[in-house]
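For reference, the structure is listed below as structure tokens.
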Amino acid sequence: QWVAEAFPVAISDVIDSHLLNESNITPAERSAAMNDLLVMIMEIGLSCSRVSPSERMDMKEVVVGLRRI
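Per the working numbering, residue 71 is the first one in the sequence shown, and the count goes up by one each step.
Below you can see the structure in the form of structure tokens.
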């Protein structure tokens with residue numbers, strides 16, 4: 071629920087900051103690129119963790135979604 075409440079506006083609050091700093095690009099470029107990627111990944115993660123199993127993504131859809139990223 072904490073992640074869902076932070077999504078997508080405060081996504082950086084739920085991500086380990088060390089993961090965001092392991093790159094050779096500028097901070098502004100890193101921030102924009104990482105934010106876009108994290109939003110896509112978190113959308114899938116939130117879909118997989120819905121309370122009702124019938125509302126969750128099928129694992130085949132998850133794989134397809136992650137491969138697109």
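Virtual Cβ for every residue (Gly too), placed ideally from N, Cα, C.
Check	Outcome
Between which two residues does the alpha helix (DSSP H) harbouring R126 extend?	Premise fails: R126 is in no alpha helix (DSSP H) and is neither H nor E.
Just verifying my parser: in three-state terms, what is the DSSP assignment at D83?	helix
With 16 as the cutoff for other CB atoms within 10 Å, does L108 come out buried or exposed?	buried
Enumerate in chain order the residues of its own chain whose CB-to-CB distance from I114 is below 7 Å, with the five nearest sequence positions on each side excluded.	M127, V132, G135 and L136
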